[in-house]
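**Student:**
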Amino acid sequence: MRNKNLIIVLTAIVTALSFFFISFTFVARGLEDDAVEYATIPGSGKVDLARKQAFIDSIYNEPVYNFLGAEFTYKQVKELEMALGLDLQGGMHVVVEVSPVEILHAMAGSNASDANFKQAIANAKIKQRNSQNTFQKSFFEEYRALAGKDNLSKIFANANNKGKIDIRSTDSDVEKVINEEIDLSVERSFNILRNRIDKFGAIQPNIQRVRGTGRILVELPGVENTQRVRNLLQGTAKLEFMEVYQTYEVIEKTNRINEYLVSVDEENKSKLSLTPDSAATAAAASSNSSLLVDNGDTSAVAKTDSAAAPAQDTSKVSAFYRLAKGSFYYETKDTATINKILALDRVKQIIGSDLRFVWERKARALDNGGAIIELVPLKIGRDGKPALTGDVITNVGYGVSPGGKGYEVSMQMSTSGAREWRKITKAASQEQNKRRIAIVLDNAVYSAPQVNDEIPNGSSSITGNFTLEESKDLANILKAGKLPAPVRIVEEVVVGPTLGQEAIMDGLVSMFAGIIIVVLVLIMYYNKGGLVADIALLFNIVFTLGILASFNSVLTLPGIAGIVLTIGMSVDANILIMERIKEELANGKSLLTAIELGYDKAFSSIFDSNITTILTAVILFLLGEGPVKGFAMTLFWGVLCSFFTAVYITKVILLWMARNKKDDAISFDTFLSKKAFKNLSFNFIGKRKIAYFFSSAILVIGLVLTIMQGGLNLGVDFKGGRSYIVEFKNPVVASDIRSSLTEDFKGNGSEVKTYGSATKVKITTSYLVDDETAAADSLVATALEKGLTTYAKDNTFEVLSSSKVGATVADDIKNASWKAMLASLVGIFLYIFLRFKKWQLSLGGVIALFHDTLMVLAIFAILRVFNIDFEIDQVIIAALLTIVGFSINDTVVIFDRVREFDNHSNKVDMATMLNEAINSTLSRTIMTTVIVLISVLILFIFGGETLRGFSFSLLIGVVFGSYSTIFIAVPMLLDLRSKAEKEADDKLLAGK
């Protein structure tokens, strides 16, 4: 064998490097176990997280690992380890989207009130639900339809865009500037969020831009305080210092609002009454926040001036006054009603451009158990801007408030800012009633105290009953800077640590069980040849893990599934070689000659089948997201390593064993396989029409049922919505939980099904699916908890994980998945055509692949009749593409044998030749199918509920993949043959 020494040296190097990179993972895990042991509270079994972190901090920059004289600190070990995905260790996966709407509004300036602009924005929002275009492109199209061509400059030629857009700019010029501005905003947002995350304290955070979109992906392993993360990501850090109107200054406007509301609510006016609550007013005043003055005096408290409704007939008071408790104080339950009132066009006109109502950040608790919140009337300057903005802040810190009550965020202003701040506070303190100044962050009033004295040095603070974490995060947000546009969470997955530990155990058990059984089957069937194949398999696993570790890949549960699947599929190359060697030995060749010929003849089949699988993996990686990428990465490297180990390492070992020994030194048979698949002559081609009918019947039944069932059962990541995995202390009934949640979810569609055990359920709901705001998230979570509490009573429960996918993102994921499927089929068609030079083979192969994927969906629909339900999601699409890869492997092997037989000089008719090709490769087809089925079955049994649908899809796909190769792909060559080929066949048959 040529290049034998090179292969040996290369194997040694790759093996050493693989163990080197894998070792960091084991070292890191060992040190983390030490940290947990150190932090475990004696007697309770609970872990003190602060003590655990202190242990890790103490060794962070210390040498903890020595590899052949090279020392590595804990920090370096963590950087080089193969990290676990969120599904294996718990944590939070978030995708945020930078709002192009806000950027367009900012660029339009005062022209944002233009009717065509507003309508185009509204139309674009609706259009985006079913469009793959960017939001701004949809907006441009809608605006042109309303205003005509080359009118964008009328909106965007203003002071905000001076020097970039003028009245003569064409639509294409304007579009270019807007696209650049949005892209820059996304980039600035990415950098700001990265700075915030860096200070958050999470270990190995991952933040990256999602290509081709205005979205940013953030993954935080091990995070448990999810609301803190949401606040950190969604706070724009738009800081404003604004004067608060005295009541007498706005009373005329509030009276007009009241009169308008009463006039349009005639039928309810007799039910309206004014009930100001002086106790509420006093409670609000006593808990107001304070502004830190330069002498450290924080005793100044805002004096609320009564703004109860003016003396008037109480039958003519609207909800705006009726719901108030004193000076613009409302019960928290009434805030939604007030927001609706403030959003009315006529009310906006009355309020005008110099007044803005903003809610304070936190409600104030009352002695009676209720809570009130102030609606603060803020003064807007003539230029539409606040008195001062956060741009003047030069330094931010946090600490305990003076007096030791809570925490505060302190701020220091620039020289110009301090000068302006002194002027503002001086004017406020000199007014007769001492004006209040509000500190507004992201359109929420954090504090609005009365100013007693001017503040000359630019020092100020934000107070408001902060916890330490809240004050720290707020300071970090302000330090990182203001986001150029608001961001919203469009996709979110939260995995609890308990579920992560279960996933680790499920994955490891399925992987080790798969390895052991495959190793035993190969030895039992191929004897010493099987032992050599097992050695190659172990090299393959080590190489795959080593390469993944060297790339700092994240190991996910689908990634483990990819390893399990690779174990099964990698054996295919070894089986091909073993079967070829057995054929040559049966033809009387010597052992050395048989080995050489076996490898030579199997090479083209192995190469072609591996290329098609690699093609599938690449498409999955390029077009897939999240866990699908991890699976694709594992599959890609697994197949490459399989090719090297099966084609080269096994050959070196076999030739070494055979050289200078007798021809029976290596046996490729056992008592189980010695006479298996000998002299087969089944007429598979003659049965093709029965197979056509059988497949058509299953597919038609599946199609009819799918239509009757209202379409495919799409998962959350394809249709949008929220899902939760909930574990109860005692067994529960899924249908009862669903009934209990119906009222709380306002009758919106929800699905509850058992998830792995009788105590665990998966709840999916479309409630508020189109509302991606933080308020909607809170409403859904509250509704879920209320419904579960009502149902559970004494049966305690815990939400183990949650996920949310916005409708627009779900549409993008769905379209990307179908594109991946289509791209895979087109790529395989072209590759087969180029390799085999027959379009009939390409078309037959692709028809068989369509058959395999549709068969899985059809059987899913049939199983739904029996209440066995699998959701179609990204992981199922990964399974379908894997089925495509497996099925085309099998097909290519037989196509290769067809090509070999077609080149024979002794011509036979095509049907006979195809039957010979199928029969001669049947042993390989069955053995490969059996090995892969064993691997997938183990995955199905031990892989856990997360991979249940994935593994079941593969079980169906592997069976029908082999079936379609024999009964559909190959027979298509006969049914699609040209007229000349048919005539040639007729002559051959006539001559027999």
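Quick note: the sequence shown uses the working numbering, first residue 5, plus one each step. Cβ atoms here follow ideal geometry from the backbone N, Cα and C, with glycine treated the same way.
Taking only runs of the alpha helix (DSSP H) that begin and end inside the stretch 35-113, which ones reach a length of at least 4 residues, in chain order?
**Tutor:** Counting only runs of 4 or more, we get 53-63, 78-84, 90-93, 104-112.
**Student:** As a quick exercise: from 6, 97, 63, pick the residue whose alpha carbon is nearest that of residue 498.
**Tutor:** Minimum Cα distance to residue 498 is reached at 97.
**Student:** Look up residue 978 in the DSSP assignment and give the residues it is bridged to.
**Tutor:** Paired residue(s): none; residue 978 is not in a bridge.
**Student:** Judging by CA-CA distance, which residue of 150, 107, 105 is the nearest neighbour of residue 119?
**Tutor:** Closest option to residue 119, Cα to Cα, is 150.
**Student:** Taking Cβ to Cβ, would you say residue 545 is nearer than 8 Å to residue 564?
**Tutor:** No, Cβ-Cβ distance for residue 545 and residue 564 is not below 8 Å.
**Student:** Using CA atoms only, rank isn't needed, just tell me which of 516, 404, 689, 52 is closest to residue 972.
**Tutor:** Nearest C-alpha to residue 972: 689.
**Student:** For a test of your reading of the model: does the CB of residue 465 fall under 7 Å from any non-hydrogen atom of the ligand NAD? Yes or no.
**Tutor:** No copy of the ligand NAD occurs in the structure displayed, which carries no ligand at all.
**Student:** Within a Cβ cutoff of 6 Å, which residues of the same chain sit near residue 874, ignoring the five residues on either side of it in sequence?
**Tutor:** For residue 874, where only same-chain residues beyond five positions count, the Cβ hits under 6 Å are 864, 953.
**Student:** Apart from the five residues on each side of it in sequence, which residues of its chain come closer than 6 Å, Cβ to Cβ, to residue 598?
**Tutor:** Correct list, in chain order: 585, 588, 589.
**Student:** State the DSSP-derived secondary structure class of residue 758, mapped to helix, strand or coil.
**Tutor:** In this structure, residue 758 counts as strand in the three-state DSSP scheme.
**Student:** Helix, strand or coil: which one does DSSP assign to residue 725?
**Tutor:** Three-state DSSP puts residue 725 in a strand.
**Student:** Between which residues of its own chain and residue 674 is the CB-CB distance below 7 Å, once the five residues before and five after are set aside?
**Tutor:** Here the set comprises 528, 529, 531.
**Student:** Whether or not the stretch 246-262 and the stretch 509-518 are in contact is what I'm after, with contact meaning three or more pairs of Cβ atoms, one per stretch, closer than 8 Å; do they touch?
**Tutor:** With the cut-off at 8 Å, the stretch 509-518 and the stretch 246-262 do not touch.
**Student:** Over what stretch of residues does the alpha helix (DSSP H) that includes residue 233 continue unbroken?
**Tutor:** Segment 230-238, the alpha helix (DSSP H) holding residue 233.
**Student:** Straight-line CA distance for residue 405 to residue 467?
**Tutor:** Cα to Cα, residue 405 sits roughly 8 Å from residue 467.
**Student:** Should residue 291 go down as buried or exposed, given a rule of 16 or more other Cβ atoms within 10 Å for buried?
**Tutor:** Reliability fails at residue 291, whose pLDDT of 37 lies under 50, so the model's placement of it is uncertain and the value that follows must be treated cautiously. Per the 10 Å Cβ criterion, exposed.
**Student:** If contacts are defined as beta-carbon pairs under 8 Å, then residue 478 and residue 245 qualify, I think. What distance do you get, rounded to the angstrom?
**Tutor:** That pair is no contact at about 16 Å.
**Student:** Below 8 Å, can you find three or more Cβ-Cβ pairs linking the stretch 443-453 to the stretch 419-431?
**Tutor:** The stretch 443-453 is not in contact with the stretch 419-431.
**Student:** Which ranges would you report for the alpha helix (DSSP H) in the stretch 469-540 if only whole runs of at least 4 residues count?
**Tutor:** Correct list: 472-484, 501-530.
**Student:** If you reduce the DSSP assignment to three classes, tell me which class residue 403 lands in.
**Tutor:** Three-state result, residue 403: strand.
**Student:** Going by alpha carbons, who is nearest to residue 763 out of 615, 233, 737?
**Tutor:** If we check each option's Cα against that of residue 763, 737 comes out closest.
**Student:** Mind reading off the beta-carbon distance from residue 892 to residue 821? Whole number of angstroms is fine, and I expect it under 8 Å.
**Tutor:** Incorrect: roughly 19 Å between the Cβ atoms, too far for contact.
**Student:** Measuring alpha carbon to alpha carbon, tell me which residue in 732, 695, 832 is nearest residue 966.
**Tutor:** Checked all of 732, 695, 832; the closest Cα to residue 966 is 695.
**Student:** Rounding to the nearest angstrom, what Cα-Cα distance links residue 88 and residue 113 in this structure?
**Tutor:** About 47 Å.
**Student:** Taking a contact to mean a Cβ-Cβ separation below 8 Å, would you say residue 146 touches residue 122 in this structure?
**Tutor:** No, the Cβ-Cβ distance between residue 146 and residue 122 is not below 8 Å.
**Student:** Identify which residue in 56, 558, 714 has its Cα closest to the Cα of residue 869.
**Tutor:** Nearest of 56, 558, 714 to residue 869, Cα basis: 714.
**Student:** Rounded to a whole number of angstroms, what is the C-alpha to C-alpha distance between residue 434 and residue 445?
**Tutor:** Their backbone Cα atoms lie some 26 Å apart in a straight line.
**Student:** What span of residues does the alpha helix (DSSP H) with residue 263 cover, start to end?
**Tutor:** First-last of the alpha helix (DSSP H) with residue 263: 251-267.
**Student:** Can you grab the Cα-Cα spacing for the pair residue 43 / residue 342, in whole Å?
**Tutor:** Roughly 50 Å separates the two Cα atoms.
**Student:** Residue 784 to residue 649, Cα distance in whole Å?
**Tutor:** If you take the alpha carbons of residue 784 and residue 649, they lie about 52 Å apart.
**Student:** Nearest-angstrom Cα distance between residue 1001 and residue 878?
**Tutor:** The structure shown does not extend to residue 1001, since the chain is modelled only from 5 to 996, so the question has no answer here.
**Student:** In this structure, how does DSSP classify residue 311 when only helix, strand and coil are distinguished?
**Tutor:** Note that residue 311 has pLDDT 41, beneath the 50 cutoff, so the model's placement of it is unreliable and no number is given.
**Student:** Contact between the stretch 78-88 and the stretch 178-198 is defined here as three or more beta-carbon pairs at a separation below 8 Å; is this criterion met?
**Tutor:** No, because fewer than three Cβ pairs between the stretch 78-88 and the stretch 178-198 fall closer than 8 Å, the two stretches do not touch.
**Student:** Using the three-state DSSP reduction, which class does residue 732 fall into: helix, strand or coil?
**Tutor:** The answer is strand: DSSP assigns residue 732 an E or B state.
**Student:** Quick one: what's got a C-beta closer than 7 Å to residue 476's C-beta in the same chain, skipping five residues either side?
**Tutor:** Excluding residues within five positions, the ones whose Cβ falls inside 7 Å are 402.
**Student:** Is the separation between the beta-carbon of residue 651 and that of residue 618 shorter than 8 Å?
**Tutor:** No, the Cβ-Cβ distance between residue 651 and residue 618 is not below 8 Å.
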